[in-house]
Each structure stands twice: as C-alpha cells, then as structure tokens.
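One structure below.
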Amino acid sequence: MLTAVDLFSGAGGLLLALKEAGYQTLLSCEINESACETHKYNFPEIPLFQGDIQNLTEDKIIEYTKGTDVDLVVGGPPCQGYSMFGKRRFINTQGYDPQEDPRNKLVYEYIRVVKILRPKYFFMENVKGFLSLDNGQFLKTVIQEFEELGYDNIKCEVVCAADFGVPQQRYRMFMIGNRVGKPVNFPSPSHYPEDSLFLPKYTTVGDAIMDLELLGPEVSNHVPLYHKSVVAERMSYVKEGDKLNVEELPEHLAIATRVDSKTGKVRNYSHIYKRLHRNRPAWTMVPGHNAFPIHPTLNRTLTVREAARIQSFPDHHVFTGTRQEQCIQAGNAVPPKMALPFFKQILHDIVGQ
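Dropping the structure here:
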C-alpha cells in the first residue's frame with residue numbers, strides 16, 4: 001500500500017480521497033481545534049499532529065511516520081496572502097513582496113515538510129489567484145523551490161470540480177510534482193457541461209440534495225438555520241438560480257443600503273440572497289453560515305449536510321463543533337470527489353514505474 005502525509009487537513013476532504021484511492025495516511029496536520037475534533041471523529045486510526053505546522057519538526061515527523069518512506073505529500077496551505085481579495089488589495093502596494101508576506105509563510109512550511117520527507121510525489125491545492133500573484137512571479141519562485149529539491153517534473157493547472165462529478169462550479173489550482181523522472185499526468189474530466197456521447201452531464205444540485213427532505217433525523221448535520229420571518233419572506237422573492245432583485249421587494253421588506261466610503265458604490269447586501277438551481281451545479285461554496293446560498297425550493301439557506309453533499313462528502317462524514325464551525329469546515333474543504341481521480345492517477349503512475 002502506498003503511503004501519504006496530509007498537511008492542513010481541515011475537515012478531511014483530501015483524507016477521504018486518499019483513503020478511497022488506496023493510500024495509507026501516516027500523518028495529518030491541522031491547527032484548528034474544531035477541525036481536529038472532526039478529524040478524530042472520522043479518522044481515529046490516522047495519527048494527527050494538532051498544532052502549528054511550524055512546530056512539526058523533523059524529529060516529530062520521523063516519530064509519526066516511524067521513518068517509513070512516503071510516496072505522496074498532499075495539502076492546501078491557507079491562502080490569505082493570495083486570495084483574489086488579497087491580490088486586488090495588495091499586489092499594487094509599493095514595496096509589497098509576496099515572498100515576505102507572513103500570510104504566505106505556510107506555503108514555505110509545506111515545502112519544508114516536502115524537503116524533510118522527500119516523497120515521490122507532492123500534491124498542492126490552492127485558489128486560482130495563486131497563479132497570478134505578483135504577475136506570476138510567486139508561482140515561479142515556488143516551482144523553483146521544488147525544483148531545487150529534485151522535483152523536475154511539475155504540472156500546475158486550474159481545475160473545475162464539476163468536471164469530476166462534483167455538483168459545484170468550484171475552481172482550484174492543483175500543482176503536482178514528482179522526482180521520479182516521469183511526466184506528470186492529470187486525469188481526464190469524467191463529466192461534461194452538456195449532453196455528450198462519451199461523458200455524463202454535470203452533476204446538479206438536485207442530484208445531490210433533493211432527497212434529503214425525505215430522510216429522517218438520522219442524517220447528521222442537517223438542522224436548518226433559523227431565519228426571522230422577514231428574512232424568509234425576502235427569500236421567497238428570489239427566483240431559482242438567481243439573486244435577489246431589491247427593486248422587486250415590497251416596502252416592508254426593503255433592505256437598507258449604505259455607500260462604501262472607499263469605492264463610492266451603493267451596497268444593499270442583495271448578494272447574500274442567492275438561490276441555487278436544482279438543475280445546475282452550485283457555484284462555489286464558501287465558509288460561514290451567512291454565506292451559504294438559499295435552497296432551490298425552500299425559503300432557507302442550506303444546512304451543513306446539504307453544503308457537504310455539494311462538496312461531495314458522504315453522509316457518514318460528521319462535522320463537529322458549533323454550527324458556524326461546521327459551516328466553515330464544510331465550505332473550506334477540498335471536495336473529495338475532485339481530488340480522488342488525481343490521487344488515483346498518481347498511484348497508477350507510481351505503481352506502473
């Protein structure tokens with residue numbers, strides 16, 4: 001059985017994919033307390049380093065892995081320094097150097113662990129804004145760091161989750177590298193936006209969640225958020241697959257507006273009233289209960305379980321912590337079904353050497 005180490009584990013999206021692909025995970029690392037509790041509940045057999053990755057020393061890594069050779073290191077270093085928001089805000093700041101930005105240090109921690117373990121392959125996930133930070137210079141620097149460790153074969157692309165059967169138009173950067181002297185292969189998409197002779201059509205929100213209303217309380221994390229009557233009534237004005245048109249609201253449901261002092265734009269918060277369409281994939285799930293979209297047919301936002309289904313988590317995967325912590329875990333995760341074909345491809349390429 002091939003071995004793996006999972007960094008920045010979060011709720012365990014990559015762990016689920018590793019397990020299904022046939023890897024033995026020797027070590028996971030996560031700092032968030034509620035995410036660690038979720039890990040312990042769902043993966044009691046996988047050793048967990050709970051704490052800052054900067055404190056995961058070489059001695060501790062050897063202790064956890066028992067000196068076993070590692071085939072694959074995976075992880076998605078948190079992206080505060082190079083989210084699209086961060087890019088817009090900081091990239092043109094005079095003297096700004098992304099390599100010195102403390103919010104980017106976790107990328108270098110990931111590289112440090114790869115240097116210690118020297119796996120055959122590494123897999124790094126991040127937001128697509130990673131590619132354009134500092135006009136692409138940060139990406140070049142990161143690739144150069146890996147190349148200096150002997151990872152001469154590296155492939156980096158933006159991948160859409162819907163192309164691999166996830167009911168969500170979620171775009172992420174996947175970077176895969178190896179030091180085994182072989183080209184890096186990305187798997188071909190398994191789904192297609194429209195009807196095709198060769199591939200099934202995209203999985204939709206309806207495919208993923210519409211049966212949940214028929215299931216009983218045995219389904220975990222499926223408790224709707226309470227909404228005030230005025231909020232629920234506003235939701236009733238949002239058409240399926242659309243966002244709220246504030247001009248259509250009656251006076252008693254009007255939303256207060258404010259002018260952004262920096263941009264001068266009028267904000268009415270209509271963006272938080274967006275309803276999914278049951279016959280389409282969802283747009284990107286983002287963390288936080290206020291950010292989850294409205295159910296296709298019900299006047300409430302998604303439950304944690306509905307969001308988890310859209311993220312391709314199985315129902316047996318339980319999210320622990322407060323409701324908001326559960327929402328953040330589900331929204332931040334890498335969809336397991338998105339990562340799975342990549343891990344299978346890596347396994348195939350290693351075994352086939």
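In UniProt numbering, the protein residues as written are 1 to 353.
Cβ coordinates follow ideal geometry from the N, Cα and C atoms, glycine included.
Just so it is clear, the structure is predicted and the values come from calculations on it, not from any experiment.
{"Check": "Spatial distance of Arg-267 from Leu-225 (CA atoms)", "Outcome": "25 Å"}
{"Check": "Within 7 Å, strictly: CB atoms of Arg-309 and Ile-209", "Outcome": "yes"}
{"Check": "Inter-residue Cα distance where the pair is Tyr-202 and Ser-312", "Outcome": "13 Å"}
{"Check": "Ranges of the alpha helix (DSSP H) found wholly within the segment 34-78, counting only runs of at least 4", "Outcome": "58-65"}
{"Check": "Local conformation of Tyr-108 per DSSP, three classes", "Outcome": "helix"}
{"Check": "Val-159, enclosing beta strand (DSSP E) - first and last residue", "Outcome": "153-160"}
{"Check": "For Thr-141, the three-state DSSP class (helix, strand or coil)", "Outcome": "helix"}
{"Check": "Bounding residues of the alpha helix (DSSP H) (the contiguous stretch that carries Arg-323)", "Outcome": "323-332"}
{"Check": "Extent of the continuous beta strand (DSSP E) run through Gln-24", "Outcome": "24-30"}
{"Check": "Burial state of Gln-137, where buried means 16 or more other Cβ atoms lie within 10 Å", "Outcome": "exposed"}
{"Check": "Proximal residues to Gln-50 (C-beta, below 7 Å), its chain only, five neighbours per side dropped", "Outcome": "Glu-30, Cys-36"}
{"Check": "CB contact flag (Ala-282, Gln-168, <7 Å)", "Outcome": "yes"}
{"Check": "Helix, strand or coil at Val-205 [DSSP, three-state]", "Outcome": "helix"}
{"Check": "Ile-111 versus Phe-122: straight-line alpha-carbon distance, rounded", "Outcome": "10 Å"}
{"Check": "Straight-line gap, Ile-143 to Ile-350 (C-alpha atoms, nearest Å)", "Outcome": "21 Å"}
{"Check": "Endpoints, the alpha helix (DSSP H) within which Val-304 is located", "Outcome": "304-310"}
{"Check": "Under 7 Å between C-beta atoms of Val-74 and Asp-6", "Outcome": "yes"}
{"Check": "Option in Pro-293, Lys-228, Leu-133, Val-231 with minimal Cα separation from Arg-275", "Outcome": "Pro-293"}
{"Check": "CB of Ala-4 within 7 Å of CB of Thr-38, strictly", "Outcome": "no"}
{"Check": "Nearest neighbour of Gly-321, chosen from Tyr-41, Leu-2, Leu-14 [CA to CA]", "Outcome": "Tyr-41"}
{"Check": "Contacting residues, own chain, Cβ-Cβ under 8 Å from Leu-2 (five flanking each side not counted)", "Outcome": "Gly-22, Tyr-23, Gln-24, Asp-71, Leu-72, Leu-347, Ile-350, Val-351"}
{"Check": "Any alpha helix (DSSP H) of 4 or more consecutive residues that is wholly inside the segment 186-252", "Outcome": "205-209, 229-235"}
{"Check": "Short Cβ contact (7 Å threshold) for Val-238 with Tyr-273", "Outcome": "yes"}
{"Check": "Of the listed residues Gly-165, Phe-174, Ala-161, Lys-120, nearest to Leu-139 (C-alpha basis)", "Outcome": "Phe-174"}
{"Check": "Spatially closest choice to Ala-307 from Gly-206, Val-259, Lys-243, Asp-242, by CA coordinates", "Outcome": "Gly-206"}
{"Check": "Identity of the residues DSSP links to Glu-125 by a beta bridge", "Outcome": "Phe-174"}
{"Check": "Residue(s) in a DSSP beta bridge with Val-5", "Outcome": "Leu-27, Val-73"}
{"Check": "Assigned exposure category for Leu-214 - 16 Cβ within 10 Å defines buried", "Outcome": "exposed"}
{"Check": "C-beta contact flag for Glu-125 and Val-334 at 7 Å", "Outcome": "yes"}
{"Check": "Nearest candidate by alpha-carbon position, reference Asp-315, set Asn-332, Ser-236, Met-285, Pro-336", "Outcome": "Pro-336"}
{"Check": "N-terminal and C-terminal residue of the alpha helix (DSSP H) that Phe-343 is part of", "Outcome": "336-351"}
{"Check": "Per DSSP, cross-strand counterpart(s) of Ile-272", "Outcome": "In DSSP, Ile-272 forms no bridge with anything."}
{"Check": "Extent of the continuous alpha helix (DSSP H) run through Leu-131", "Outcome": "Taken as a continuous stretch (DSSP letters only), Leu-131 belongs to no alpha helix (DSSP H), as it is neither H nor E."}
{"Check": "Spatially closest choice to Arg-118 from Asp-69, Lys-155, Asp-101, by CA coordinates", "Outcome": "Asp-69"}
{"Check": "Beta bridge counterpart(s) of Arg-258 as assigned by DSSP", "Outcome": "Arg-267"}
{"Check": "Integer-rounded CB distance, given that Val-114 should sit under 8 Å from Leu-149", "Outcome": "7 Å"}
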